[in-house]
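From first to last, the protein sequence lines are chains Y and B.
Note that the first sequence ends on residue 205 in the numbering used here; no numbers are left out.
Note that the second sequence ends on residue 852 in the numbering used here; no numbers are left out.
Report on the following structure.
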Amino acid sequence: MSVIYILLTVSIIVAVIFFVAFIMAVRNGQFDDGYTPSVRMLFEDELIKTNKTITKNNKD
Amino acid sequence: MSLNVIFVTGIKEQIMDAKVCYHCGDTCADTKITKDEKVFCCNGCKTVYEILSESDLTCYYDLQSSPGAVPKEIEGKYDFLSQDKIIEKLVEFDDGKTQIVTLYIPHIHCSSCIWILENLNKLNPAISQSQVNFGKKTVRATYNTETFSLKELVLLLSSVGYEPYISLDDYKTGKENVNRSLIYKLGVAGFAFGNVMFLSFPEYFEVDEYWLEKYKHLFRWLMFAYSLPVVFYAAQDYFISAYKAIKTRILNIDIPIALGAIVLFLRSTIEIIFNYGSGFFDSLTGLIFFLLLGKFFQQKTYSFLSFERDYKSYFPIAVTKIINNEEVPVQVYDIEKGDRLLIRNQELIPVDGILINGSAKIDYSFVTGESEPVKKASGDKLFAGGKQTSGVIEMEAIKSVEQSYLTQLWSNDVFNKNKEDGFTTLTNAISKRFTIIILSIAFIATAYWLYVDSSKAMNVFTAVLIIACPCAIALSAPFTFGNLLRIFGKKKFYLKNASVIEQLSHINTIIFDKTGTITSNKKSEAKYEGLPLTTEEETLLKNTLRGSNHPLSRSLYDILDEHNIITLDTYKEHLGQGIEASHASEKIKIGSAKFVGYQTETEVLNTAVHVSSNSIYKGKFTFYNSYRKGLSKLFNKLKKNYDLAILSGDNEGEMENLKKLLPSKTKLLFNQKPNDKLEYIKYHQTEGAKVLMVGDGLNDAGALAQSDVGVVISENINVFSPACDAILDASKFNHLYSYIKASKSALKIIKWSFLLSFFYNVIGLYFAVTGQLAPVIAAILMPLSSISIVIFTTIATNWIGRKLK
Chain Y
146 MSVIYILLTV SIIVAVIFFV AFIMAVRNGQ FDDGYTPSVR MLFEDELIKT NKTITKNNKD
Chain B
48 MSLNVIFVTG IKEQIMDAKV CYHCGDTCAD TKITKDEKVF CCNGCKTVYE ILSESDLTCY
108 YDLQSSPGAV PKEIEGKYDF LSQDKIIEKL VEFDDGKTQI VTLYIPHIHC SSCIWILENL
168 NKLNPAISQS QVNFGKKTVR ATYNTETFSL KELVLLLSSV GYEPYISLDD YKTGKENVNR
228 SLIYKLGVAG FAFGNVMFLS FPEYFEVDEY WLEKYKHLFR WLMFAYSLPV VFYAAQDYFI
288 SAYKAIKTRI LNIDIPIALG AIVLFLRSTI EIIFNYGSGF FDSLTGLIFF LLLGKFFQQK
348 TYSFLSFERD YKSYFPIAVT KIINNEEVPV QVYDIEKGDR LLIRNQELIP VDGILINGSA
408 KIDYSFVTGE SEPVKKASGD KLFAGGKQTS GVIEMEAIKS VEQSYLTQLW SNDVFNKNKE
468 DGFTTLTNAI SKRFTIIILS IAFIATAYWL YVDSSKAMNV FTAVLIIACP CAIALSAPFT
528 FGNLLRIFGK KKFYLKNASV IEQLSHINTI IFDKTGTITS NKKSEAKYEG LPLTTEEETL
588 LKNTLRGSNH PLSRSLYDIL DEHNIITLDT YKEHLGQGIE ASHASEKIKI GSAKFVGYQT
648 ETEVLNTAVH VSSNSIYKGK FTFYNSYRKG LSKLFNKLKK NYDLAILSGD NEGEMENLKK
708 LLPSKTKLLF NQKPNDKLEY IKYHQTEGAK VLMVGDGLND AGALAQSDVG VVISENINVF
768 SPACDAILDA SKFNHLYSYI KASKSALKII KWSFLLSFFY NVIGLYFAVT GQLAPVIAAI
828 LMPLSSISIV IFTTIATNWI GRKLK
């Protein structure tokens, strides 16, 4: 029945991984600004468009 | 000669078919400035469009229509940014090649703003990265200093209409440390709580099962390990606070909490060491987690507002000093007595001084609340905090910044005092009795069991302290106030923190400032006295005013009736005096009494604009303060329960008007200096008054700090307001009474939820005193009481919130 030790170890490791991920996210400031990223991610299409036009301009 | 009196009330005219500027959305005047078939209101806006379209950034206009701001004239304004000493204080990071700076940009307001500011590298490749924090309205830019500089960055931002605001407040070394410890603690407690629940679950039900018997020791020690960071890290604030309270001999709510947590931990540890039982680690971690959750919920902050501003946020970082006829930017702290300073139009005077030359028209509204700019002649004394409003002046400093009249206000002790100290909250008042009662019950029950069955005595003693741990009581206030804080925020009443609500409910005296607080900033009411004007004269008057940018001309223009547009033959504006214009045979002069040739002017207190036509004096338009909507109604509602007073820095010109508007027992005091206001409040507080101060400017800063609750009225919440406890949007001014009422109801809700938690405590105490408290009962009772308190307070506060307009 020593399989329970393996299970416990695995569960603790998984929990600790998530916990460390949370601490790192807080430390990187992910919880400081809750609004801007939600807007920023909608800009990605526009960014690609302008990048292309710029490279086109440079080729000319 | 018959005197004709007409009342004109301002209705802003609407030009229906007018085009709006493609860049900023303002209505375009007659002049047509176009580019790519798009209309612009001014050349500034057109330039911004050109800059953006050259860099393929026109997407800016697709995300939001007319998102821009008119770029302002900034000639020479940022010369100080070329000084290394100043740059060093402003930048976050500098390694000689790269600099990182965070700039506050008040104009940030929509998604287009985020987009353009995060694409600054398209405008200048030296900027490698720029990131916007929308909530704080800041942009953090990284740039290469070999080809670029801070000054160029600021000029670039200004050229596209995003002028950063750099004040003396930014002039400090070191990065600001963001305090995230509560999030960490909440994370630790939540993590431990979840895992401990998981591990303790089997033992709740299956007591004698074979596998459980075999592994329960392992499970218990794992729970012990999980609870260690909770007790020693997440809960440390409660132990510190309880220790401090005992040292100062106050019984606050943290004492029973800390006591409960310690007893829980020790008893559980002893239980698992001697194999008495499984311990209460589940309740322990749950308790700390819920308490921290309450703290977190209460900690709602409005990152775009600041409640801590002093004069430094208004003052510039540097001014122009004249040394041997050369203009040199100098840091304001370095200004010495005898320095020659150059103050440009719209710049703030940073020190007390004497005017040397130039025509000074100083707007002292920051300092005194007096709304009209004051004219000063050479040799006159100028006070720090005034804003020059016409042309360039030269002055000589006679004091340093810290010793100036205005800045001395901040050396008053009230600015170093924490208002929350010395204020006993309802929770702490209750917990005082609560702690005494619980300790008595614990000792009586222990004494009883020592007599009956001494083996159970220790068990009962600890069980009482565990079950009585006032989790639910401690959660009532944070959740009630925290929720109301959010509701108020949605109604545009922004509070500094939750304890302001409790202070607000105890108010018995309300003191208002006049200018800007009970009056609105727009002068929209004018009374005409004099000879009646003919239609031709009125038409000419209106058309003359159209061309002027003077604030009085603008407001008078808005007030007058609509007339045909005519083209003026001549038009001349005399700075600081008035306007002269002619059309066909008609000539008109508008301006000061002297300018229009009216000599018999007596001393008047209110602002007036005089008119003469064909060299004959016609009459004058006198401007009156226009009071906020619902002012009389609000005062009449308030007068029943509160002492009311008005403290104005202005002269007595409005006294009669106010007497008519307000309830008769309202005290009216005029010519109050900032310090007078502070002393007035202090005096009333010694007589037992709980004062709510409602103000708006720096001149009220002392009074706002001294009062029990200081509320700032703001026309535009993005504009700076002085240090205060709450900011109220001007449009909600007439609802002030309902906010005070709501905070009183909140206190009632808390009292009810105390009752509810006492009910749970009585049930728990029954189990504890009779010596049958099993971990499973504690584990059910504690979250149940906490959750029901949260639900009750949330529903009740939302119900209050619904009644608010």
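C-beta atoms are modelled at their ideal positions from N, C-alpha and C, and glycine is treated no differently.
Bear in mind that the values here come from a model prediction, so they are computed numbers and not experimental data.
_Can you pull out the residues from the stretch 167-193 of chain B whose beta carbon lies closer than 9 Å to at least one beta carbon of chain Y?_
Listed in sequence order: Lys-169, Gln-178, Val-179, Asn-180, Phe-181, Gly-182 and Lys-183.
*Just checking my contact of Leu-708(B) with Tyr-784(B) at CB under 8 Å: how many whole Å lie between their CB atoms?*
Along the second sequence, read from residue 1 onward, the residue named residue 708(B) stands at position 661. Along the second sequence, read from residue 1 onward, the residue named residue 784(B) stands at position 737. At roughly 16 Å, the Cβ-Cβ gap does not stay under 8 Å, so Leu-708(B) and Tyr-784(B) are not in contact.
_Close-in-space but distant-in-sequence residues of the same chain around Ser-790(B) (CB under 8 Å, 5 per side omitted)_ = For the purposes of this step, residue 790(B) is taken as the residue at position 743 of the second sequence. If we look at Ser-790(B) and ignore the five residues flanking it on each side, its Cβ neighbours are Leu-531, Ile-548, Glu-549, Leu-551 and Ser-552.
*Counting only beta-carbon atoms, is Arg-227(B) nearer than 8 Å to chain Y?*
The count along the second sequence starts at 1 and reaches residue 227(B) at position 180. It does: the Cβ of Arg-227(B) has a partner Cβ on chain Y nearer than 8 Å.
*Determine, using beta carbons only, whether Leu-599(B) and Ile-635(B) come nearer to each other than 8 Å.*
On the second sequence, residue 599(B) is found 552 positions in, with the first residue counted as 1. On the second sequence, residue 635(B) is found 588 positions in, with the first residue counted as 1. The criterion of a C-beta distance shorter than 8 Å is not satisfied by Leu-599(B) and Ile-635(B).
*asked:* Do Ser-159(B) and Leu-104(B) count as a contact pair if the criterion is CB distance below 8 Å?
replied: Counted from its first residue, the second sequence places residue 104(B) at position 57. Counted from its first residue, the second sequence places residue 159(B) at position 112. Going by C-beta atoms, Leu-104(B) is not nearer than 8 Å to Ser-159(B).
*Distance cut-off 7 Å: Leu-311(B) Cβ against heavy atoms of the ligand ZN*: The ligand ZN is absent from the structure shown, which contains no ligands of any kind.
*How would you list, in chain order, the residues of chain Y whose beta-carbon sits under 9 Å from the beta-carbon of Glu-583(B)?*
Translated into positions along the second sequence, residue 583(B) becomes position 536. None at all; the shortest Cβ gap to chain Y is about 55 Å.
*Which residues bound the beta strand (DSSP E) around Met-244(B)?*
Numbered from 1 along the second sequence, position 197 holds the residue referred to as residue 244(B). Premise fails: Met-244(B) lies in the alpha helix (DSSP H), 228-252, not in any beta strand (DSSP E).
*asked:* Please state whether the Cβ-Cβ distance between Gly-405(B) and Ile-440(B) is less than 8 Å.
replied: In the second sequence, counting from the first residue as 1, residue 405(B) sits at position 358. In the second sequence, counting from the first residue as 1, residue 440(B) sits at position 393. Yes, the Cβ-Cβ distance between Gly-405(B) and Ile-440(B) is below 8 Å.
*Any idea which residues DSSP pairs Ile-558(B) with across the strands?*
As a working mapping, residue 558(B) is identified with position 511 in the second sequence. For Ile-558(B), DSSP records a beta bridge to Ala-692(B) and Met-740(B).
*asked:* Within 8 Å of any Cβ in chain Y, is that where the Cβ of Asn-299(B) sits?
replied: Here residue 299(B) refers to the residue found at position 252 of the second sequence. With 8 Å as the cut-off, Asn-299(B) does not count as an interface residue toward chain Y.
*Which residues bound the beta strand (DSSP E) around Lys-543(B)?*
Residue 543(B) sits at position 496 when you count from the first residue of the second sequence. Secondary structure note for Lys-543(B): it is in no beta strand (DSSP E), with a DSSP letter that is neither H nor E.
_Tyr-231(B) versus Lys-724(B): straight-line alpha-carbon distance, rounded_ = On the second sequence, position 184 is the one that residue 231(B) refers to. On the second sequence, position 677 is the one that residue 724(B) refers to. Answer to the nearest angstrom: the Cα atoms are 43 Å apart.
*Would you mind stating whether Ala-188(B) and Leu-170(B) have Cβ atoms separated by less than 8 Å?*
Counted from its first residue, the second sequence places residue 188(B) at position 141. Counted from its first residue, the second sequence places residue 170(B) at position 123. The answer is no: Cβ separation not under 8 Å.
*Cβ-based contacts, 9 Å cut-off: residues of the stretch 160-172 of chain Y near chain B*: Under the 9 Å Cβ criterion, the stretch 160-172 of chain Y contributes Ala-160, Val-161, Phe-163, Phe-164, Phe-167, Ile-168, Val-171 and Arg-172.
*Roughly how many angstroms separate the alpha carbons of Lys-546(B) and Phe-535(B), rounded to a whole number?*
Looking up residue 546(B) in the second sequence gives position 499. Looking up residue 535(B) in the second sequence gives position 488. It should be pointed out that residue 546(B) corresponds to Ser in this sequence rather than to Lys. Those two C-alpha atoms are separated by around 14 Å.
*Near Thr-844(B), which residues of its chain fall below 6 Å by C-beta distance, leaving aside the five closest residues on each side in sequence?*
As a working mapping, residue 844(B) is identified with position 797 in the second sequence. Correct list, in chain order: Thr-527, Asn-530 and Leu-531.
_Cutoff 8 Å: Ile-158(Y) Cβ touching any chain B Cβ_ = The residue labelled residue 158(Y) in the question sits at position 13 within the first sequence. For Ile-158(Y), no CB of chain B lies under 8 Å from its own CB, so it is not counted at the interface with that chain.
_Please report the straight-line C-alpha distance between Cys-858(B) and Lys-539(B), rounded to a whole angstrom._
This structure does not reach residue 858(B), given that chain B is present from 48 up to 852, and the question cannot be answered.
_Is there a C-beta anywhere in chain Y that falls below 8 Å from the one on Glu-165(B)?_
The residue you call residue 165(B) lines up with position 118 of the second sequence. Interface residue, yes.
_Contact list for Ile-149(Y) against chain B, beta-carbon separation under 7 Å_ = One-based indexing of the first sequence puts residue 149(Y) at position 4. Identification of chain B residues near Ile-149(Y) by a Cβ-Cβ cut-off of 7 Å yields Tyr-262, ordered along the chain.
*His-264(B) - containing alpha helix (DSSP H), residue span*: Within the second sequence, residue 264(B) is the residue found at index 217, counting from 1. Counting along the chain, the alpha helix (DSSP H) containing His-264(B) begins and ends at 257-276.
_Best match in Asp-460(B), Ile-565(B) and Ala-631(B) for proximity to Gly-760(B) [C-alpha to C-alpha]_ = For this step, residue 760(B) is matched to residue 713 along the second sequence. Checking the sequence, you will find Ile at residue 760(B) rather than Gly. Measuring from the Cα of Ile-760(B), the nearest candidate turns out to be Ile-565(B).
*Per DSSP, what kind of secondary structure is Ile-485(B) in: helix, strand or coil?*
Along the second sequence, read from residue 1 onward, the residue named residue 485(B) stands at position 438. It is helical.
*asked:* Please report whether the beta-carbon of Val-130(Y) lies at a distance below 8 Å from any beta-carbon of chain B.
replied: Nothing in the structure corresponds to residue 130(Y), since chain Y is present only between 146 and 205.
*Is it right to say Ile-838(B) is buried, meaning 16 or more other beta carbons lie within 10 angstroms of its own, or is it exposed?*
One-based indexing of the second sequence puts residue 838(B) at position 791. The residue is exposed, with fewer than 16 neighbouring Cβ atoms inside 10 Å.
*If I'm right that Tyr-218(B) touches Thr-185(B) with Cβ under 8 Å, what's the distance once you round it to whole angstroms?*
Here residue 218(B) refers to the residue found at position 171 of the second sequence. Here residue 185(B) refers to the residue found at position 138 of the second sequence. That pair is no contact at about 16 Å.
_Residues that Ile-161(B) contacts on chain Y, provided the C-beta gap is smaller than 8 Å_ = As a working mapping, residue 161(B) is identified with position 114 in the second sequence. The answer, in chain order, is Thr-181, Val-184, Arg-185 and Phe-188.
_Using only CA atoms, which one of Leu-202(B), Glu-165(B) and Ser-100(B) lies nearest to Ser-129(B)?_
For the purposes of this step, residue 129(B) is taken as residue 82 along the second sequence, with counting starting at 1. Put simply, of Leu-202(B), Glu-165(B) and Ser-100(B) the residue whose alpha carbon is nearest the alpha carbon of Ser-129(B) is Leu-202(B).
*Flag this pair as yes or no: are the beta carbons of Gln-146(B) and Glu-165(B) separated by less than 8 Å?*
If you number the second sequence from 1, residue 146(B) lands on position 99. If you number the second sequence from 1, residue 165(B) lands on position 118. No, the pair does not count as a contact, with Cβ atoms beyond the cut-off.
*With DSSP run on the structure shown, which of helix, strand or coil describes Ala-510(B)?*
Residue mapping note: residue 510(B) aligns to position 463 of the second sequence, counting from 1. Annotated three-state conformation of Ala-510(B) is helix, per DSSP.
*What three-state label does DSSP hand Asn-196(Y) in the structure shown?*
Mapped onto the first sequence, residue 196(Y) falls at position 51. In this predicted model, Asn-196(Y) has a pLDDT of only 46, less than 50, meaning its place in the structure is not dependable; the value taken from the coordinates is given anyway. Per DSSP, reduced to three states, the secondary structure at Asn-196(Y) is helical.
*Report the option in Lys-729(B), Tyr-730(B), Asn-698(B) and Pro-721(B) whose CA atom is closest to the CA atom of Leu-715(B).*
Counting from 1 along the second sequence, the entry for residue 715(B) is found at position 668. For Leu-715(B), the closest C-alpha among the options Lys-729(B), Tyr-730(B), Asn-698(B) and Pro-721(B) is that of Asn-698(B).
*Decide if Gln-393(B) is buried, meaning its Cβ has at least 16 other Cβ atoms within 10 Å, or exposed.*
Counting from 1 along the second sequence, the entry for residue 393(B) is found at position 346. Result: exposed.
*Kindly identify the DSSP beta-bridge partner or partners of Tyr-618(B).*
Counting from 1 along the second sequence, the entry for residue 618(B) is found at position 571. Paired residues: Ala-628(B).
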